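Engineer: Numbering (this note's numbering), first residue to last: 361 to 791. Beta carbons are placed, not taken as given, at the ideal position from N, Cα and C, and that holds for glycine. Only a predicted model underlies this, so the values are computations on that prediction, with no experimental measurement involved.
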């Protein structure tokens, strides 16, 4: 809440479970359709992160004033929570790579279509605009309170790589979190953005719930010291919900390993130290993967990106290693072009389990992510393609990204107090 925008403490910390819904749940899509949609979302996101890397590089490693996903980015996972009094249940994109919590609001000068009616402040008795000069606006950071002479409201203006914008004002509002039959958690005076100009696509959500590392994020406002999630595989489509745990509900599980979270004011950077394919460790060490002095580069964990994305030199080495072991022709199919590392399979009497697939291990400082085959290989029976899900980033100023597909059936815990990220195998539908 706005009155507790201070470094979190584990004492008296809340405990909350939430359900996560995948963006494609309920659409009855084939594996082929799921892969094409996921590829499109990843490519949109790559453009956004590449531009952000250049902004940081030009500002000596400092974050730009405003940061968010591209206007046509639809997200990957959604949470629902109530906004206002009485509470309106709204769907939000879960995004560890952005900070503000915002939704489209009435009256809206230019808003895009969304799956539920726009939030109407006039129907909420707890709605209150924040003035630009208020202590609450100042608590969110100078980005929101530095332009009072031009705008009396606590204001936000997100510019995106595709030329679109999300513009609005910050309000104090009550939010309500519910999980199953458990008692609801009511949070008064929560800072949330009301977008009144928004361009892009919001086919599944009303806005974004930023889980990044700054004062206005959902994590900071709840004053929690840790959160975790566990993604259920969605290829082929799964009707079960994934899980998110906030505060004391987020605990490390058996078999978990941990690695340091590196300093940043938005993203969750980790130290990637190497990659092994099969029995061969590729010739790239910690200094190669590390962030540069200007703040560019590095590696992040991200809930909002499907694919794992690596710089060209690393991608080519990984591709070469897989091609040398998988005795199938590299595909030139359109889906193969989307995913860059797909193989044509026999049209008849083929079992993907019969193909020898080399192990893939990501080495972080103090932890090895030894991926199960289903976390990086997908078979598209319609197109007769076997794909290794990895994508190339041609701009070495951009970040490497550990995407959510690699994180399936893992309990991924962000420990903000101790600045550690842990991961370990889990049966997400049983947590």
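(1) Using the rule of at least 16 other Cβ atoms within 10 Å of the residue's Cβ for burial, across every protein chain shown, is residue 427 buried or exposed?
(2) What would DSSP say about residue 573, mapped onto helix, strand or coil?
(3) Closest to residue 725 by C-alpha separation, out of 618, 753, 710, would be which residue?
(4) Around the Cβ of residue 734, are there at least 16 other Cβ atoms within 10 angstroms (buried) or fewer (exposed)?
(5) Return the Cβ separation of residue 516 and residue 501 in integer angstroms, given the expectation that the two are a contact with Cβ distance under 8 angstroms.
(6) Just curious, the alpha helix (DSSP H) that residue 673 is in, first and last residue?
(7) Just to check my reading of the structure: residue 737 and residue 717 have Cβ atoms closer than 8 angstroms, yes? What is that Cβ distance to the nearest angstrom?
(8) Would DSSP call residue 394 helix, strand or coil?
(9) Starting from residue 617, trace the alpha helix (DSSP H) in both directions and tell me its first and last residue.
(10) What would DSSP say about residue 788, mapped onto helix, strand or coil?
(11) Check residue 497 in the structure and name its three-state DSSP category.
(12) Just confirm the distance between the C-beta atoms of residue 469 and residue 556, as a whole number of angstroms; I'd bet it's less than 8 angstroms.
(13) Which class does residue 581 belong to by DSSP, given the choice of helix, strand or coil?
(14) Using the Cβ count rule (16 or more neighbours within 10 Å means buried), how would you classify residue 449?
(15) Using a Cβ-Cβ cut-off of 7 angstroms (strictly less than) and excluding sequence neighbours within five positions of residue 546, which residues of its own chain qualify?
(16) Using the Cα positions of residue 466 and residue 727, report the straight-line distance between them to the nearest angstrom.
(17) Strictly under 9 angstroms for the Cβ-Cβ distance: is residue 745 near chain B by that measure?
(18) Pull up the CB-CB distance for residue 688 and residue 705, whole angstroms please, since I reckon it's below 8 angstroms.
(19) If you draw a straight line from the alpha carbon of residue 679 to that of residue 745, how long is it in whole angstroms?
(20) Here's a check: name, in chain order, each residue in its chain whose Cβ is nearer than 6 angstroms to the Cβ of residue 648, leaving out the five neighbours to either side.
(21) Expressed to the nearest angstrom, what Euclidean distance is found between the alpha-carbon atoms of residue 447 and residue 484?
(22) With three or more C-beta pairs closer than 8 angstroms as the rule, is the stretch 599-613 touching the stretch 627-645?
(23) Compare the beta carbon distance of residue 751 and residue 699 with 9 angstroms and say whether it is the shorter of the two.
(24) Closer than 8 angstroms is the cut-off here; do at least three beta carbon pairs connect the stretch 578-593 with the stretch 759-772?
(25) Measure from the alpha carbon of residue 620 to the alpha carbon of each residue in 374, 723, 577, 755, then state which is nearest.
Structural biologist: Based on what the coordinates show:
(1) Translated into positions along the chain shown, residue 427 becomes position 67. Residue confidence is low: residue 427 scores 37 on pLDDT, short of 50, so the model does not pin down where it sits. No coordinate-derived value is stated.
(2) As a working mapping, residue 573 is identified with position 213 in the chain shown. The answer is coil: DSSP assigns residue 573 none of H, G, I, E or B.
(3) In the chain shown, counting from the first residue as 1, residue 725 sits at position 365. Relative to residue 725, the option among 618, 753, 710 whose CA is nearest is 618.
(4) Along the chain shown, one-based indexing puts residue 734 at 374. By the neighbour-count rule (16 or more Cβ atoms within 10 Å), residue 734 is not buried but exposed.
(5) Numbered from its first residue, the chain shown carries residue 516 at position 156. Numbered from its first residue, the chain shown carries residue 501 at position 141. Incorrect: roughly 11 angstroms between the Cβ atoms, too far for contact.
(6) One-based indexing of the chain shown puts residue 673 at position 313. Annotation: the continuous alpha helix (DSSP H) that includes residue 673 extends over 672-685.
(7) Within the chain shown, numbered from 1, the residue matching residue 737 stands at position 377. Within the chain shown, numbered from 1, the residue matching residue 717 stands at position 357. About 6 angstroms; that satisfies the 8 angstroms criterion.
(8) Counting from one through the chain shown, the residue named residue 394 turns up at place 34. Residue 394: helix per DSSP, three-state reduction.
(9) Residue 617 sits at position 257 when you count from the first residue of the chain shown. First-last for residue 617: 617-620, but that is the beta strand (DSSP E), not the alpha helix (DSSP H).
(10) Counted from its first residue, the chain shown places residue 788 at position 428. DSSP places residue 788 in helix when its eight states are reduced to three.
(11) Start at 1 with the first residue of the chain shown, and residue 497 comes out as number 137. Residue state, collapsed to three classes: helix.
(12) Working through the chain shown from its first residue, we reach residue 469 at position 109. Working through the chain shown from its first residue, we reach residue 556 at position 196. Yes, residue 469 and residue 556 are in contact; Cβ-Cβ is about 6 angstroms, under 8 angstroms.
(13) Working through the chain shown from its first residue, we reach residue 581 at position 221. Note: residue 581 maps to helix in three-state DSSP.
(14) Here the question's residue 449 lines up with position 89 in the chain shown. Burial is judged here by how many other beta carbons sit within 10 angstroms of a residue's own beta carbon; residue 449 has fewer than 16 and is exposed.
(15) Residue mapping note: residue 546 aligns to position 186 of the chain shown, counting from 1. Hits under 7 angstroms: 534, 536.
(16) Within the chain shown, residue 466 is the residue found at index 106, counting from 1. Within the chain shown, residue 727 is the residue found at index 367, counting from 1. Spanning the two alpha carbons is a distance of roughly 47 angstroms.
(17) Considering every chain present, this structure includes no chain B. It has just one protein chain.
(18) Residue numbering aside, residue 688 sits at position 328 when the chain shown is read from its first letter. Residue numbering aside, residue 705 sits at position 345 when the chain shown is read from its first letter. Correct: roughly 6 angstroms between the Cβ atoms.
(19) Here residue 679 corresponds to residue number 319 of the chain shown, with the count starting at 1. Here residue 745 corresponds to residue number 385 of the chain shown, with the count starting at 1. Whole-angstrom Cα-Cα distance: 16 angstroms.
(20) Stepping through the chain shown from its first residue, residue 648 is reached at position 288. Answer for residue 648: no residue qualifies.
(21) Counted from its first residue, the chain shown places residue 447 at position 87. Counted from its first residue, the chain shown places residue 484 at position 124. If you take the alpha carbons of residue 447 and residue 484, they lie about 8 angstroms apart.
(22) With a cut-off of 8 angstroms, the stretch 599-613 and the stretch 627-645 do not count as touching, because too few Cβ pairs lie within range.
(23) Here the question's residue 751 lines up with position 391 in the chain shown. Here the question's residue 699 lines up with position 339 in the chain shown. Contact flag set, yes.
(24) The stretch 578-593, when compared against the stretch 759-772, does touch it at the 8 angstroms Cβ threshold.
(25) Within the chain shown, residue 620 is the residue found at index 260, counting from 1. The shortest C-alpha separation from residue 620 is found at 723.
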